[in-house]
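What follows is a set of notes on a single structure, which appears directly below.
There are 2 protein chains.
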Amino acid sequence: MDAKELLTIGEVAHRSGFPPSALRYYEREGLLRTTRTSGGQRRYERSVLRRLAFIRAARTIGIGLDEVRVGLDQLPDGRTPTKADWSRLSRAWRGRLDEQIQALVALRDGLDSCIGCGCLSLQRCRLYNPGDRVGELGPGARLLPPMLRRTPAEGV
Amino acid sequence: MDAKELLTIGEVAHRSGFPPSALRYYEREGLLRTTRTSGGQRRYERSVLRRLAFIRAARTIGIGLDEVRVGLDQLPDGRTPTKADWSRLSRAWRGRLDEQIQALVALRDGLDSCIGCGCLSLQRCRLYNPGDRVGELGPGARLLPPMLRRTPAEGV
DNA sequence: GTGCGACTTGAAGTCAGCTTTAGGTCAAGG
DNA sequence: CCTTGACCTAAAGCTGACTTCAAGTCGCAC
Numbered sequence: 010m011d012a013k014e015l016l017t018i019g020e021v022a023h024r025s026g027f028p029p030s031a032l033r034y035y036e037r038e039g040l041l042r043t044t045r046t047s048g049g050q051r052r053y054e055r056s057v058l059r060r061l062a063f064i065r066a067a068r069t070i071g072i073g074l075d076e077v078r079v080g081l082d083q084l085p086d087g088r089t090p091t092k093a094d095w096s097r098l099s100r101a102w103r104g105r106l107d108e109q110i111q112a113l114v115a116l117r118d119g120l121d122s123c124i125g126c127g128c129l130s131l132q133r134c135r136l137y138n139p140g141d142r143v144g145e146l147g148p149g150a151r152l153l154p155p156m157l158r159r160t161p162a163e164g165v
Numbered sequence: 010m011d012a013k014e015l016l017t018i019g020e021v022a023h024r025s026g027f028p029p030s031a032l033r034y035y036e037r038e039g040l041l042r043t044t045r046t047s048g049g050q051r052r053y054e055r056s057v058l059r060r061l062a063f064i065r066a067a068r069t070i071g072i073g074l075d076e077v078r079v080g081l082d083q084l085p086d087g088r089t090p091t092k093a094d095w096s097r098l099s100r101a102w103r104g105r106l107d108e109q110i111q112a113l114v115a116l117r118d119g120l121d122s123c124i125g126c127g128c129l130s131l132q133r134c135r136l137y138n139p140g141d142r143v144g145e146l147g148p149g150a151r152l153l154p155p156m157l158r159r160t161p162a163e164g165v
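Taken in sequence, the protein lines are chains A and B.
Residues 10 to 165 (the numbering used here) make up the first sequence, in order.
Residues 10 to 165 (the numbering used here) make up the second sequence, in order.
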């Protein structure tokens with residue numbers, strides 16, 4: 010029950026799975042706050058583990074740190090987040106996940122039709138998307154799901 | 010019908026949607042080949058548009074350029090790829106897409122159960138994945154789909 | 001032949017999200 | 001008190017996929 014049971018960076022690293030360098034980085038970026046010993050070493054409250062779990066989950070579904078920070082800022086400062094707090098954030102993520110899934114399914118279905126048609130002409134293939142037509146639409150392909158366009162591995 | 014109808018880099022850029030800088034980059038990286046004018050300017054065969062469509066599709070589903078190059082190298086050198094050529098590549102992508110979709114769906118379902126339970130304790134939540142337990146499992150969270158785990162610290 | 005936009009190159013810059021390095025300091029057990 | 005491992009900082013480095021820059025060249029219309 011003591012509020013004194015503070016964790017060292019090494020302990021947090023071990024329990025959270027984030028390396029110390031990442032923890033320091035997150036602190037610099039304003040995602041975590043720490044107290045310090047008289048000697049300047051970091052001491053973490055246990056609640057940081059929850060924040061880190063949040064961060065990991067968010068990163069997992071491709072949310073950038075800027076956005077994670079916004080989410081964390083919406084959580085109440087010291088106290089345990091309420092059910093409503095989590096629900097709000099969770100719903101936002103749910104929407105994002107749905108979008109990502111939908112985009113991938115659309116892409117997969119397009120791919121299936123490619124396999125079916127042989128895709129030799131590439132004229133009607135949604136996935137390969139003939140360049141001549143795209144060119145007329147202006148720079149940057151516009152036929153693929155926005156979620157996935159221009160989003161290499163990181164977001165997926 | 011002439012084989013002479015070659016495209017300038019600007020034309021290819023316009024038709025493919027890739028900026029000239031990306032086209033030069035892809036050439037340096039061995040994804041494209043070009044002929045040159047006597048003065049050293051690039052001239053592209055029309056077939057490059059197909060390769061670029063391939064590249065765009067691959068990039069869209071998160072495939073890195075290294076792997077794209079491997080895929081392109083499997084296509085016959087000069088001639089139009091056969092149905093079998095495309096099918097082989099497409100099937101590989103299909104599998105990858107299926108994996109990605111499955112991982113996202115698993116994540117979404119986990120998120121749904123979080124919303125349901127309120128996630129106040131975080132003790133049983135698959136998505137948030139309590140740090141204390143993870144700590145006991147060794148470094149690096151192990152509860153999320155491999156596809157999406159993307160632990161920031163692969164080396165830890 | 002001249003003007004000018006499109007083209008050429010290599011090198012350096014960008015972005016995210018960290019990691020690594022160098023050179024020191026702290027804290028706790030013996 | 002001393003040792004030793006964990007910790008500190010700032011700054012630089014890394015990866016991938018490009019973009020931007022500087023300085024110069026090409027090619028086509030007039």
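Glycine included, C-beta positions come from ideal geometry on N, C-alpha and C.
The structure presented is a predicted model; accordingly, all values stated were derived computationally and were not measured.
Straight-line Cα distance separating THR91(A) from LEU84(A): About 9 Å.
Cutoff 8 Å; reference ARG45(B); Cβ partners in own chain excluding five residues on either side: Answer for ARG45(B): ARG51 and ARG52, listed in chain order.
Exposure of ALA62(A), with buried meaning 16 or more beta-carbon neighbours within 10 Å: Classification of ALA62(A): buried, given that the 10 Å Cβ count is 16 or more.
Same chain only: Cβ atoms within 7 Å of ALA93(B), ignoring 5 sequence neighbours per side: Within the same chain, ALA93(B) has no close Cβ partners at all.
Proximity test, Cβ basis, 8 Å: ALA101(B) and chain A: At a cut-off of 8 Å between beta-carbon atoms, ALA101(B) makes no contact with chain A.
Neighbour flag for GLN109(B) against chain A, beta carbons, 8 Å: Chain A contact via Cβ: present.
Cα-Cα separation between LEU32(B) and SER99(B), rounded to whole angstroms: Approximately 24 Å between the Cα atoms of the pair.
Local Cβ density within 10 Å of ARG224(B), reported as buried at 16 or more and exposed below that: Since the first residue shown for chain B is 10 and the last is 165, residue 224(B) is missing from the structure and cannot be characterised.
Rounded distance between the beta-carbons of ARG55(B) and GLU14(B), thought under 8 Å: Sure, about 7 Å apart at Cβ, within 8 Å.
Test item: CB-CB of LEU116(A) and THR69(B) under 8 Å: Their beta carbons are under 8 Å apart, which means LEU116(A) touches THR69(B) by this criterion.
4-residue-minimum alpha helix (DSSP H) runs that sit fully inside the segment 47–72 of chain A, ordered along the chain: Counting only runs of at least 4 residues, the segment 47–72 of chain A fully encloses the following alpha helix (DSSP H) elements, listed from N- to C-terminal order: 56–69.
Cut-off 6 Å between Cβ atoms - residues of its own chain near ALA64(B), not counting five sequence neighbours on either side: For the sequence presented, residue 64(B) should be read as Ile rather than Ala. For ILE64(B), where only same-chain residues beyond five positions count, the Cβ hits under 6 Å are VAL77.
CB contact check: ARG33(B) to chain A, cutoff 8 Å: Chain A contact via Cβ: absent.
Spatial neighbours of VAL57(B) in its chain, beta-carbon cut-off 7 Å, leaving aside the 5 residues before and after: Close CB contacts of VAL57(B) within its chain, under the 7 Å cut and outside five residues either way in sequence, are with VAL21 and LEU41 (chain order).
Supposed contact pair PRO29(A) and GLY19(A) - C-beta distance, whole angstroms, cut 8 Å: Between GLY19(A) and PRO29(A), the beta carbon gap of about 7 Å places them in contact (Cβ cut-off 8 Å).
Chain A within 8 Å of ILE70(B), Cβ atoms only: True, the Cβ-Cβ gap to chain A drops below 8 Å.
Assumed close pair GLU38(B), LEU74(B) - CB separation to whole angstroms, cut-off 8 Å: Yes, GLU38(B) and LEU74(B) are in contact; Cβ-Cβ is about 6 Å, under 8 Å.
Within 9 Å of chain A by C-beta, residues of the segment 37–51 of chain B in sequence order: Result list empty, no residue passes.
Those residues which DSSP pairs with THR44(B) across a bridge: Looking at the DSSP assignment, THR44(B) forms a beta bridge with ARG52(B).
Beta carbon proximity, VAL79(A) to chain B, threshold 8 Å: Chain B, which has no Cβ nearer than 8 Å to the Cβ of VAL79(A), makes this no.
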